[in-house]
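Protein chains in written order, with the working numbering: chain S, 131 to 463; chain R, 131 to 463.
Number of protein chains: 2
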Amino acid sequence: MKTNTQVKLAKRPVGLPDQSIWTIEKNPLPVPKEGEVLIRTIYVSLDPAMRGWLNDQKSYVPPVQIGAVMRAGMLGQVVESNNPNFQVGDHVTGWTGVQEYAVSSEPDIMKVDPNLIPLPSYLGVMGMPGLTAYFGLLEVGKPKAGETVLVSGAAGAVGSVAGQIAKIKKCRAVGIAGGAEKCRYLLEELGFDAAIDYKNENVFKALKKTCPDGVDVYFDNVGGEILDLALTQINLHARIPICGAISQYNRSDALKGPSNYLSLLVNRARMEGFIVFDFQKNYPQAIREMAQWIAAGKLKSKEYVVEGIENFHSAFLRLFSGEKLGKLILKVG
Amino acid sequence: MKTNTQVKLAKRPVGLPDQSIWTIEKNPLPVPKEGEVLIRTIYVSLDPAMRGWLNDQKSYVPPVQIGAVMRAGMLGQVVESNNPNFQVGDHVTGWTGVQEYAVSSEPDIMKVDPNLIPLPSYLGVMGMPGLTAYFGLLEVGKPKAGETVLVSGAAGAVGSVAGQIAKIKKCRAVGIAGGAEKCRYLLEELGFDAAIDYKNENVFKALKKTCPDGVDVYFDNVGGEILDLALTQINLHARIPICGAISQYNRSDALKGPSNYLSLLVNRARMEGFIVFDFQKNYPQAIREMAQWIAAGKLKSKEYVVEGIENFHSAFLRLFSGEKLGKLILKVG
Chain S
131 MKTNTQVKLA
141 KRPVGLPDQS
151 IWTIEKNPLP
161 VPKEGEVLIR
171 TIYVSLDPAM
181 RGWLNDQKSY
191 VPPVQIGAVM
201 RAGMLGQVVE
211 SNNPNFQVGD
221 HVTGWTGVQE
231 YAVSSEPDIM
241 KVDPNLIPLP
251 SYLGVMGMPG
261 LTAYFGLLEV
271 GKPKAGETVL
281 VSGAAGAVGS
291 VAGQIAKIKK
301 CRAVGIAGGA
311 EKCRYLLEEL
321 GFDAAIDYKN
331 ENVFKALKKT
341 CPDGVDVYFD
351 NVGGEILDLA
361 LTQINLHARI
371 PICGAISQYN
381 RSDALKGPSN
391 YLSLLVNRAR
401 MEGFIVFDFQ
411 KNYPQAIREM
421 AQWIAAGKLK
431 SKEYVVEGIE
441 NFHSAFLRLF
451 SGEKLGKLIL
461 KVG
Chain R
131 MKTNTQVKLA
141 KRPVGLPDQS
151 IWTIEKNPLP
161 VPKEGEVLIR
171 TIYVSLDPAM
181 RGWLNDQKSY
191 VPPVQIGAVM
201 RAGMLGQVVE
211 SNNPNFQVGD
221 HVTGWTGVQE
231 YAVSSEPDIM
241 KVDPNLIPLP
251 SYLGVMGMPG
261 LTAYFGLLEV
271 GKPKAGETVL
281 VSGAAGAVGS
291 VAGQIAKIKK
301 CRAVGIAGGA
311 EKCRYLLEEL
321 GFDAAIDYKN
331 ENVFKALKKT
341 CPDGVDVYFD
351 NVGGEILDLA
361 LTQINLHARI
371 PICGAISQYN
381 RSDALKGPSN
391 YLSLLVNRAR
401 MEGFIVFDFQ
411 KNYPQAIREM
421 AQWIAAGKLK
431 SKEYVVEGIE
441 NFHSAFLRLF
451 SGEKLGKLIL
461 KVG
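This is the structure:
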């Protein structure tokens with residue numbers, strides 16, 4: 131008899147999560163009701179935002195409850211259907227979390243075409259991370275041709291797309307990433323104009339060198355020291371889309387605020403947060419445009435796939451250690 | 131023979147300025163050239179921004195140079211004129227600094243009507259502070275009727291105007307100020323809906339109580355802890371015009387960045403700096419509108435006048451100690 135392996139939240143983490151915050155359970159398969167389908171999870175998306183969902187605090191989505199299956203984006207296949215809109219074998223995406231099987235129905239799941247792009251890309255460049263980059267850069271950052279766009283976490287799922295879209299919009303794209311391999315990837319594979327290796331370079335000096343005309347848009351995925359240094363280099367009327375702050379997510383004390391925020395005043399600049407879900411009504415148009423860029427070879431992506439639901443925790447930690455290149459994905463089925 | 135007492139910058143301060151950073155000199159009166167006028171200073175404007183101008187760093191205006199007359203807004207009277215557009219006796223405003231006499235000409239000085247409003251108001255509600263409040267609130271904060279507008283430094287020259295304009299625009303205005311007298315002034319004289327005495331109240335609890343529907347616009351004059359607490363109370367799509375950070379200006383170490391800035395992300399909110407000078411082309415329209423509000427009794431102001439150019443330093447320190455109510459002005463002549 132088949133079982134459903136599920137990763138559930140056992141307790142709330144303080145600082146960097148350890149294995150003890152999860153329980154791994156084997157439960158009976160759920161049974162789809164009328165109108166529902168049973169989905170076999172193939173890929174689970176691992177995203178920095180998941181760390182925030184573990185904290186018991188008011189945010190843009192409720193925290194994951196203790197005892198609940200860990201929330202995550204998923205790509206899977208319909209294995210049983212009580213819904214005429216879904217056939218067995220259809221591929222779908224949704225938010226059914228870190229488990230081998232799940233029951234769901236519309237509008238929580240969406241069919242995707244496995245022949246258009248590789249399946250994992252539906253969780254990366256064509257999924258939430260790609261859309262986050264698209265709307266954060268274009269709607270909040272509003273880059274103009276010729277401007278300098280600085281991106282942190284630039285080799286990651288969101289940053290790599292933000293930088294490439296900056297190039298498509300005829301901006302100078304400068305990426306900050308950790309390590310020589312990621313920087314090489316930005317320059318040689320993704321076409322960034324410059325890359326800063328924050329693990330091996332003096333970031334302040336490197337910003338001066340790689341952004342000689344200052345920074346017009348700083349797309350921030352990391353917060354902390356790098357945000358503070360970027361603030362010293364912004365131009366008049368600069369825009370700083372706040373996408374995330376991965377350097378700060380595992381702090382157990384108060385996070386580091388940007389000491390140099392008065393640079394916003396001096397430069398009449400703007401720091402603005404955004405959440406991709408707010409742009410939902412424009413997803414189809416964004417996906418269409420990004421699919422064209424992918425087809426034209428202008429938008430590339432890489433996925434870093436870890437196998438086995440039992441490796442969820444160690445895979446999850448790679449988000450924070452940076453030991454991965456591109457979009458981090460857990461292969462479950 | 132008349133002399134010109136001038137306050138000059140002798141050296142750059144570290145932390146809270148002490149008297150030794152200034153030299154007071156008595157020099158011969160300057161002589162106006164063709165097209166110029168000689169002005170006798172009556173009032174000097176004392177503004178928190180002056181502290182920033184003492185630091186040797188890139189900003190929206192160059193720092194005051196060592197040995198130069200301290201930069202400041204001024205209202206004075208023409209005592210000698212080589213310019214047909216100015217008569218002896220005309221009242222003018224300009225940026226001639228902390229000295230008894232100065233030579234200037236158009237476009238650096240502007241005539242004002244002494245019969246329209248009290249002279250000191252040209253340095254307050256109808257001067258740079260009033261315009262700062264007007265544009266910062268309306269153009270950056272963009273308050274909508276029914277929204278909650280929170281103002282820090284609310285009894286000061288800028289904050290008091292920002293709060294009153296919020297009321298004129300049919301918002302709920304909540305002010306933060308130091309001490310019972312200032313809070314009483316906000317409530318009883320200026321018509322704020324609520325006041326928080328940060329020196330004697332738990333600001334977090336007071337924010338919860340006075341802003342039960344959250345904060346839509348936070349007009350920040352102070353930075354530091356209060357900015358951090360305000361960030362915990364902002365609503366979706368809130369706007370935070372960054373006008374100043376007086377709590378931080380005299381720090382000799384790195385200033386305190388807002389630890390809670392990720393509230394911008396969660397709430398899709400915006401923190402934006404501005405400088406009043408950017409709105410120069412709209413000054414006439416703003417002054418017209420504010421003059422109507424003053425005439426209609428909707429916009430009130432108070433000036434706190436300290437007498438004697440020799441008291442410049444002790445008067446200047448009141449900006450930071452808060453020992454004044456309303457717009458701080460030094461009476462020179």
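A virtual CB, placed ideally from N, CA and C, is assigned to each residue, including glycine.
Model, not experiment: these values are computed from the prediction.
If we ignore side chains and look at the alpha-carbon of each, how far apart do residue i and residue j end up?
{"i": "LEU366(S)", "j": "ASN134(S)", "result": "55 angstroms"}
{"i": "PHE349(S)", "j": "LYS272(S)", "result": "11 angstroms"}
{"i": "LEU337(R)", "j": "ALA360(R)", "result": "8 angstroms"}
{"i": "GLN149(R)", "j": "ASP238(R)", "result": "29 angstroms"}
{"i": "TYR173(R)", "j": "PRO250(R)", "result": "7 angstroms"}
{"i": "GLU230(R)", "j": "GLN410(R)", "result": "27 angstroms"}
{"i": "SER290(R)", "j": "ALA324(R)", "result": "13 angstroms"}
{"i": "ALA198(R)", "j": "ALA310(S)", "result": "50 angstroms"}
{"i": "LEU394(S)", "j": "GLU319(R)", "result": "33 angstroms"}
{"i": "PRO143(R)", "j": "ALA285(R)", "result": "27 angstroms"}
{"i": "LYS188(S)", "j": "GLY165(S)", "result": "33 angstroms"}
{"i": "VAL396(R)", "j": "ALA416(S)", "result": "22 angstroms"}
{"i": "ARG201(R)", "j": "LYS339(R)", "result": "41 angstroms"}
{"i": "SER282(R)", "j": "VAL345(S)", "result": "30 angstroms"}
{"i": "ASN212(R)", "j": "PRO162(R)", "result": "7 angstroms"}
{"i": "GLY354(R)", "j": "ASN380(R)", "result": "12 angstroms"}
{"i": "ASP186(R)", "j": "VAL255(S)", "result": "46 angstroms"}
{"i": "VAL343(S)", "j": "ILE364(S)", "result": "Note that residue 343(S) is Asp in the sequence shown here, rather than Val. Rounded to the nearest angstrom, the two C-alpha atoms are 9 angstroms apart."}
{"i": "PHE334(R)", "j": "GLY463(S)", "result": "49 angstroms"}
{"i": "ILE247(R)", "j": "MET420(R)", "result": "11 angstroms"}
{"i": "ARG418(R)", "j": "ASN157(R)", "result": "39 angstroms"}
Among the options, which has the Cα closest to the Cα of residue i?
{"i": "LYS274(R)", "options": "LYS241(R), LYS386(R), CYS301(R), PHE216(R)", "result": "CYS301(R)"}
{"i": "PRO127(R)", "options": "VAL462(R), THR226(R), TRP183(R)", "result": "Look at the range of chain R in this structure, 131 to 463, and you will see that residue 127(R) is not part of it."}
{"i": "GLY206(S)", "options": "GLN415(S), TYR252(S), ASP346(S)", "result": "TYR252(S)"}
{"i": "ALA375(R)", "options": "LYS156(R), ASN157(R), ILE356(R)", "result": "ILE356(R)"}
{"i": "GLY257(S)", "options": "VAL161(S), LEU317(S), THR223(S)", "result": "THR223(S)"}
{"i": "LYS297(S)", "options": "THR278(S), SER175(S), ILE370(S), LEU455(S)", "result": "THR278(S)"}
{"i": "GLU437(S)", "options": "GLY145(S), ALA140(S), SER175(S), LYS156(S)", "result": "SER175(S)"}
{"i": "ILE439(S)", "options": "LEU460(S), GLY427(S), ILE326(S)", "result": "LEU460(S)"}
{"i": "LEU447(R)", "options": "GLN136(R), ILE151(R), ALA140(R)", "result": "ILE151(R)"}
{"i": "LEU316(R)", "options": "LEU455(R), ASN330(R), VAL191(R)", "result": "LEU455(R)"}
{"i": "ILE372(S)", "options": "CYS341(R), LEU385(R), LEU392(R), CYS373(R)", "result": "LEU392(R)"}
Do residue j and residue i count as a contact pair if the criterion is CB distance below 7 angstroms?
{"i": "VAL304(R)", "j": "LEU280(R)", "result": "yes"}
{"i": "ARG398(S)", "j": "PHE404(R)", "result": "yes"}
{"i": "ASP358(R)", "j": "PRO388(R)", "result": "yes"}
{"i": "GLU210(S)", "j": "LEU267(S)", "result": "no"}
{"i": "PRO259(S)", "j": "VAL288(S)", "result": "yes"}
{"i": "THR153(R)", "j": "MET204(R)", "result": "no"}
{"i": "TYR328(R)", "j": "ILE306(R)", "result": "yes"}
{"i": "GLY276(R)", "j": "PHE322(R)", "result": "no"}
{"i": "GLU453(R)", "j": "VAL270(R)", "result": "no"}
{"i": "VAL352(S)", "j": "SER377(S)", "result": "yes"}
{"i": "ARG369(R)", "j": "ARG400(S)", "result": "no"}
{"i": "SER235(S)", "j": "THR226(S)", "result": "no"}
{"i": "VAL406(S)", "j": "THR262(S)", "result": "yes"}
{"i": "VAL194(S)", "j": "LEU139(S)", "result": "yes"}
Where do the N-terminal and C-terminal ends of the alpha helix (DSSP H) with residue i fall, by residue?
{"i": "VAL333(S)", "result": "333 to 340"}
{"i": "THR262(S)", "result": "258 to 265"}
{"i": "ILE376(S)", "result": "First-last for ILE376(S): undefined, no H or E at that position."}
{"i": "TRP183(R)", "result": "179 to 183"}
{"i": "GLU311(S)", "result": "310 to 314"}
{"i": "VAL288(R)", "result": "287 to 298"}
{"i": "ASP358(R)", "result": "354 to 361"}
{"i": "ARG418(R)", "result": "413 to 425"}
{"i": "ARG448(S)", "result": "442 to 451"}
Span of the beta strand (DSSP E) holding residue i?
{"i": "LEU280(S)", "result": "278 to 282"}
{"i": "VAL167(S)", "result": "167 to 175"}
{"i": "ARG400(S)", "result": "400 to 403"}
{"i": "VAL396(S)", "result": "Premise fails: VAL396(S) lies in the alpha helix (DSSP H), 393 to 396, not in any beta strand (DSSP E)."}
{"i": "TRP225(R)", "result": "Run containing TRP225(R): none; DSSP gives neither H nor E here."}
Listing by chain order, which chain A residues have their CB less than 8 angstroms from the CB of residue i?
{"i": "PHE404(S)", "result": "Absent from the structure is chain A; the protein chains it does hold are S and R."}
task: Tell me, please, whether the stretch 419 to 438 of chain R touches the stretch 213 to 229 of chain R by the rule of three or more beta-carbon pairs shorter than 8 angstroms.
output: no
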